[in-house]
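In the working numbering, the protein residues as written are 4 to 749.
Here is the structure we will look at, set down as structure tokens.
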Amino acid sequence: MRSQKLSSMVSIPGYHLSKELYNGSRTLVYRANRETDPKSVVIKLMKTAYPSFSELVHFRNQFTIAKNLNLPGIIQTYSLEPYQNGYALVMEDFGGVSLKEWGVESGELGLGGSVESLMEFLRIAIALCDALDILIHNRIIHKDIKPANILINPETKEVKLIDFSIASLLPRETQIFMSPNVLEGTLGYLSPEQTGRMNRGIDYRTDFYSLGVTFYELLSGQLPFQSHDPMELVHCHIAKLPPSPREVKSQKSKVKSEEIPQVLSDIVMKLMAKNAEDRYQSAFGLKYDLENCLAQLKETGKIESFPIAQRDVCDRFIIPEKLYGREHEVEILLKAFDRVTNNQTELMLVAGFSGIGKTAIVNEVHKPIVRQRGYFIKGKFDQFNRNIPFFAFVQAFRDLMGQLLSESDAHLSTWKNKILQVLGDQGQVILEVIPELEQIIGQQPPATELSASAAQNRFNLLLQRFIQVFTTKEHPLVIFLDDMQWADSASMKLIQVLMNDSKSGYLLLIGAYRDNEVSAAHPLMLTLDEIAKTNATINKITLAPLSEASLNQLIADTLNCSLKTTETLTKLVYQKTKGNPFFSTQFFKSLHQDRLIKFDLDSGSWQFNITQLKALALTDDVVDFMVLQLQKLPESTQDVLKLAACIGNQFDLATLAIVSEKSETETATYLWKALQEGLILPQSEVYKFYVGRETQDLVENSLTVNYKFLHDRVQQAAYALIPDPSYLIGISGLETQAQREVRYVD
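Here's what the structure looks like:
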């Protein structure tokens with residue numbers, strides 16, 4: 004939105020506002036002068052009088068990340084000041100306007116195929132490479148690169164990157180599977196992994212994709228994917244190839260598409276590769292190619308094609324997240340989903356040892372779910388909560404409620420009518436276990452009291468009907484139940500009921516379990532035997548350890564070298580881990596952390612000394628190994644992880660702060676190193692509120708900050724750090740749990 008007149012309603016102590024620069028749906032931006040000196044600044048404000056917690060987090064995050072980046076190409080941030088019920092973010096004023104306003108909308112970049120317009124583009128692109136290189140070296144993932152977040156001074160042509168509201172200081176983030184309406188970032192520029200549908204984490208290379216989309220728009224005058232449907236855009240990003248910039252026939256741009264040099268088009272398409280491994284891996288490699296283009300243009304007035312990415316070398320140790328040696332198993336799972344979309348109901352079992360990769364296989368079903376506009380929900384059974392009925396089902400449907408609540412009011416109204424139609428006046432029965440449902444269907448009358456057995460039968464029937472609401476041709480449903488070896492009896496019965504109801508269709512129930520922990524007499528096996536006696540469709544995938552060849556491929560891909568080069572290293576890793584994917588990747592990662600695998604700048608390659616590696620005395624027990632890794636963390640971090648392990652695989656900051664007898668701010672600070680190492684994972688963006696936080700302000704005692712351990716084995720290792728269960732005596736609520744945990748570790 005273009006600049007507007009200054010609103011007389013806004014007054015900020017210590018500043019004289021001179022001009023309104025931006026008036027959006029959530030924020031206001033003004034040019035102002037400080038009263039203490041004549042310095043011109045830009046002030047960003049929250050527009051609403053009562054900002055949401057998410058808005059508060061975003062403003063704090065912008066300040067926390069940008070305050071120390073006093074470097075060219077990044078907007079300088081001066082202060083974060085209280086303003087009404089929110090914040091005012093004070094930044095430098097270098098006379099910039101957004102690239103979207105200056106270049107995309109106004110046509111200043113022209114792009115009529117002329118030498119001058121292409122030079123303009125290349126100078127801006129090279130400047131953005133420098134800005135991105137700064138972020139990479141400071142371990143920052145921006146996650147929202149687009150023309151609206153790039154400022155340019157129209158006179159000096161200086162370019163600066165702004166808006167770190169959703170940026171991350173973690174080396175890798177996991178995007179939770181959510182509705183497209185609540186995804187972080189801007190949908191038109193979102194990388195495939197940032198959609199949460201790619202079974203891949205988010206690292207610095209997500210910004211290369213968004214930069215590619217930005218270049219695409221600047222060159223062609225339009226975005227690569229044209230759709231107003233959020234789900235369609237998500238599907239395009241993960242599964243469709245756009246026309247190259249040379250092939251675009253845009254009405255907005257003055258450019259003739261064929262006049263865009265082929266090599267420039269190739270550079271943009273490489274940036275926009277679906278898999279992060281296929282994009283540019285360094286800002287230096289990208290900048291080298293762009294500078295080559297600019298040099299040719301200056302010298303000859305045209306750009307001839309040349310092999311791109313020849314100087315693009317990755318010095319980051321990044322283990323690829325693609326699945327190795329699992330092609331057959333993934334194909335089986337995807338075919339099962341295809342059958343379900345044709346009005347089938349199916350139970351797919353995924354069996355294997357802990358750490359064998361069951362969850363990674365199941366998450367591959369995310370991609371086709373987007374195509375079919377289905378829902379994916381998941382729950383995890385807990386070893387110490389087997390007495391709680393429907394434990395994982397409740398988790399899964401609370402997850403679904405979160406997805407529904409992010410949809411439009413029209414869709415929400417449709418769901419409300421469908422749910423009330425099947426539940427009638429008995430909605431309170433379901434609300435008691437899924438309280439979030441009340442936000443959709445409203446308060447319900449008290450349920451009629453029944454005898455225990457009658458109440459249980461009523462609940463089973465209502466829950467079955469409730470589930471059937473979401474199993475339709477328009478929206479197939481996938482329910483993933485993890486750790487079924489710990490399923491409660493009520494859940495077992497419900498699974499039987501769902502599988503016996505062959506009329507409903509459009510339901511894929513995926514159950515993962517550790518087959519080495521169940522015998523023929525185990526309740527799970529007995530339940531499956533009963534289901535097998537009916538006409539229900541049951542299929543099973545049993546995962547074996549990775550072969551040495553698959554592990555070698557993973558290691559060679561990580562180190563970007565030949566399979567022959569890594570054979571001896573692979574033998575060492577395989578000998579220790581027996582091909583268990585979780586153990587293998589953690590072991591491999593530790594070799595790099597201990598600088599036994601290093602990147603050599605002179606040769607531009609990874610180096611390791613196999614003789615030195617063979618001399619190491621390393622355990623081949625995964626829990627003992629993870630204990631050693633945890634012991635490398637600061638003692639304060641180890642202490643809070645011990646307590647977190649006693650709370651459970653998932654835990655919240657408030658509870659952990661109470662049992663550790665620390666403030667929430669202090670506890671979050673102690674957890675930070677474990678977050679950076681990827682040993683625990685945040686379950687929402689709320690954790691960012693505590694990053695760099697030294698004082699209590701604005702929001703107190705009302706936050707729900709949830710974390711989970713990377714894996715059960717990490718939780719076990721954290722518990723194993725406790726020298727004696729008596730360590731926990733006196734900590735409310737944990738002693739009994741700790742005594743139970745001993746069985747878990749043993």
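Quick reminder that beta carbons are idealized off the backbone N, C-alpha and C, glycines included.
Model, not experiment: these values are computed from the prediction.
Item to complete: Jot down the residue ranges of each uninterrupted beta strand (DSSP E) in the region 52-99, minimum 3 residues, whole runs only, in chain order.
Response: The region 52-99 contains these whole beta strand (DSSP E) runs: 80-86, 89-95.
Discussion item. Please report the distance separating the alpha-carbon of L527 from that of M487.
Written reply: The straight-line gap from Cα to Cα measures roughly 7 Å.
Worksheet item: Is it right to say T698 is buried, meaning 16 or more other beta carbons lie within 10 angstroms of its own, or is it exposed?
Response: Any answer about T698 is weak, because its pLDDT of 47 lies below 50 and its placement is not dependable; what the coordinates show is given next. T698 comes out exposed.
Discussion item. Quick check on D627: buried or exposed, where buried means 16 or more other Cβ atoms within 10 Å of its Cβ?
Written reply: That one is exposed.
Practice prompt. In angstroms with no decimal places, state the Cα-to-Cα distance between V45 and N141.
Written response: Between the C-alpha atoms of V45 and N141 there is a straight-line separation of about 24 Å.
Worksheet item: Which residues in the same chain have their Cβ closer than 7 Å to the Cβ of F66, if we skip the five residues on either side of it in sequence?
Response: So the list reads T80, L83, L92, once near-sequence residues are dropped.
Practice prompt. Could you tell me the boundaries of the beta strand (DSSP E) in which Y710 lies?
Written response: Counting along the chain, the unbroken beta strand (DSSP E) around Y710 starts and ends at 709-712.
Worksheet item: So is F309 buried or exposed if we call it buried at 16+ other beta carbons inside 10 Å?
Response: Answer is exposed; the Cβ neighbour count stays below 16.
Fill in: For E349, the residue or residues it bridges with in DSSP
BP columns for E349 point to L511, T540.
Worksheet entry | Inter-stretch contact at 8 Å, needing at least 3 Cβ pairs: the region 435-445 / the region 405-420 | The region 435-445 is in contact with the region 405-420.
Discussion item. If I measure Cβ to Cβ from E667 and keep anything under 6 Å in the same chain, skipping five residues before and after, which residues do I get?
Written reply: Within the same chain, Cβ atoms closer than 6 Å to the Cβ of E667 are found at L656, A660, the five residues on either side in sequence being excluded.
Discussion item. My output table needs one value for L407: the three-state DSSP class, helix, strand or coil.
Written reply: Helix.
Worksheet item: Quick one: complete alpha helix (DSSP H) runs, 4+ long, within the region 292-369?
Response: Whole alpha helix (DSSP H) segments, 4+ residues: 330-343, 361-365.
Worksheet item: Going by the beta-carbon positions, is the gap between R203 and N278 smaller than 9 Å?
Response: Taking C-beta atoms as the reference points, R203 and N278 count as a pair closer than 9 Å.
Worksheet entry | Which residues DSSP lists as bridging S43, in chain order | Under the DSSP definition of a beta bridge, S43 partners with N36.
Fill in: Continuous beta strand (DSSP E) stretch holding V500: start and end
Counted as a single uninterrupted DSSP element, the stretch harbouring V500 is not any beta strand (DSSP E) but the alpha helix (DSSP H) occupying residues 492-503.
Item to complete: Answer yes or no: do F473 and Y577 have a C-beta to C-beta separation smaller than 9 Å?
Response: Not closer than 9 Å, so no.
Worksheet entry | Closest by C-alpha distance to E533, when choosing among I498, Q556, A515, S120 | Selected option, being the one with the closest Cα: I498.
Worksheet item: Around the C-beta of L624, are 16 or more other C-beta atoms found within 10 angstroms, so that it is buried, or is it exposed?
Response: One detail in the question is off: residue 624 reads as Asp in this sequence, not Leu. Answer is exposed; the Cβ neighbour count stays below 16.
Fill in: Chain-order list of residues whose beta-carbon lies under 6 Å from that of N1 (same chain, five-residue window excluded)
In the structure as shown, the chain starts at 4 and stops at 749, and residue 1 therefore has no counterpart that could be examined.
Worksheet entry | First through last residue of the alpha helix (DSSP H) which encompasses W675 | Counting along the chain, the alpha helix (DSSP H) containing W675 begins and ends at 667-679.
Practice prompt. Would you mind giving the Cβ-Cβ distance between L102 and I155, rounded to the nearest angstrom? I have them listed as a contact below 8 Å.
Written response: Taking a contact as a CB-CB distance under 8 Å, the pair L102 and I155 counts as one, their CB atoms being some 5 Å apart.
Practice prompt. Specify, as a first and last residue, the run of the alpha helix (DSSP H) that E638 falls within.
Written response: Where E638 is concerned, the enclosing alpha helix (DSSP H) stretches over 638-650.
Discussion item. If distances are taken between C-alpha atoms only, which option among N503, A457, Q429, E324 comes closest to R175?
Written reply: R175 has its Cα closest to that of E324, out of N503, A457, Q429, E324.
Worksheet item: Considering only the beta carbon of each residue, do S553 and G328 sit closer than 9 Å?
Response: Contact annotation: S553 and G328 have beta-carbon atoms nearer than 9 Å.
Worksheet item: According to DSSP, which residues form a beta bridge with K383?
Response: DSSP lists D485 as partners of K383.
Discussion item. Going by DSSP in three states, L701 sits in which element: helix, strand or coil?
Written reply: With a pLDDT of 46 at L701, under the threshold of 50, the modelled position of this residue cannot be trusted, and the question is left open.
Discussion item. I need the boundaries of the alpha helix (DSSP H) containing N460, first residue and last residue.
Written reply: 455-472 is the extent of the alpha helix (DSSP H) around N460.
Discussion item. Would D491 and F393 be called neighbours here (beta carbons separated by less than 9 Å)?
Written reply: Cβ distance < 9 Å, so D491 and F393 count as in contact.
Fill in: Same chain, Cβ closer than 6 Å to L575, five either side skipped, listed in chain order
Answer for L575: L616, listed in chain order.
Worksheet item: Is the Cβ-Cβ distance between G514 and M351 less than 9 Å?
Response: Yes, these two residues count as a Cβ contact at 9 Å.
Worksheet item: Mapping DSSP to helix, strand and coil, what is M275?
Response: Looking at M275 - three-state DSSP - the assignment turns out to be coil, as it is neither helix nor strand.
Worksheet item: For V237, which residues from the same chain have a beta carbon less than 7 Å from its beta carbon, with the 5 sequence-adjacent residues on both sides left out?
Response: Short of 7 Å from the beta carbon of V237, and not among the five residues preceding or following it, lie these beta carbons of its own chain, in chain order: P183, T198, R200, V373.
Worksheet item: Taking C-alpha atoms, which residue in Q718, S687, R389 lies nearest to H61?
Response: Closest option to H61, Cα to Cα, is S687.
Discussion item. Under 8 Å, with one C-beta from each stretch per pair, do the region 518-526 and the region 411-419 reach the 3-pair mark?
Written reply: In the pairwise beta carbon analysis, the region 518-526 is classified as not touching the region 411-419: fewer than three pairs are separated by under 8 Å.
Worksheet item: In the DSSP assignment, what are the bridge partners of V162?
Response: Note: V162 sits in a beta bridge opposite I155.
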